[in-house]
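Working notes for the structure below.
Chains as they are written, first to last, in the working numbering: chain A, 218 to 332; chain B, 18 to 131.
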């Protein structure tokens, strides 16, 4: 079954404690993204990756890191989480970034609370 | 630059009534347009898309949308609402060439009244 898998689904942490949210897709997609979803703001892109070892900033990259060492995996790293990073996070993948090849498949989401 | 505006962050309709969710876009080049749906505690999934060709596109669960270039709109409709349609709906746009990324609207939460 084609899917994007995120872990964990729920996470409560404290300010400053490094954390990683994992994302894996089994569709051999080249393009992967991380989004955060906040009430009234819709989805905002944090980082994206066009392919292995190719990553770039999205709209709201501050406080986040990513890596793309393998095509299927695209972890999101918060080196020093702060309360304003409390949000619902989604990983997504698609064949490519442009045009109708950018039909995105989303993970189920990770709800993060930073105390 | 491209953008999407969804009118109405919350829409309520009675079961069996018409569903109309509005989406207007801005794009300097011909767009590809999408509607995604997010059910409670789930990720987004594609409902329907417009790329080229027929301007009336049909999606899953009885939804359809019409691309109107003159109005820069891509409104989502369903003739008869069902309780299972309660969800959040996102309109999204991307240009059909160039380097712009997929841009999402802020979403419309649809509530179905029994």
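Using N, Cα and C, we set each Cβ at its ideal position, and we do this for glycine too.
In the structure shown, residue 324 (chain A) adopts coil according to DSSP, grouped into three states. Here residue 322 (chain A) really is in contact with residue 310 (chain A); their C-beta atoms are around 5 Å apart, less than 8 Å. The way I'd put it, the segment 41-57 of chain B doesn't touch the segment 264-281 of chain A; fewer than three beta-carbon pairs between them come closer than 8 Å.
For residue 60 (chain B), the closest Cβ of chain A is nearer than 8 Å.
Straight through space, the alpha carbons of residue 289 (chain A) and residue 254 (chain A) are spaced by roughly 23 Å. Against chain B, the CB of residue 326 (chain A) has a partner CB under 8 Å away; the residue lies at that interface. Inter-segment contact for the segment 116-131 of chain B and the segment 27-41 of chain B is present: three or more beta-carbon pairs are separated by less than 8 Å. The three-state reading of DSSP puts residue 100 (chain B) in helix, counting H, G and I together. When the Cα atoms are used, residue 243 (chain A) and residue 249 (chain A) turn out to be separated by approximately 12 Å.
Just measuring C-alpha positions, the residue of B:111, B:68 and B:51 sitting nearest residue 61 (chain B) is B:51.
If you ignore the 5 residues before and after residue 304 (chain A), its C-beta comes within less than 7 Å of the C-beta of 253, 254, 255 and 329, all in its own chain and listed in chain order.
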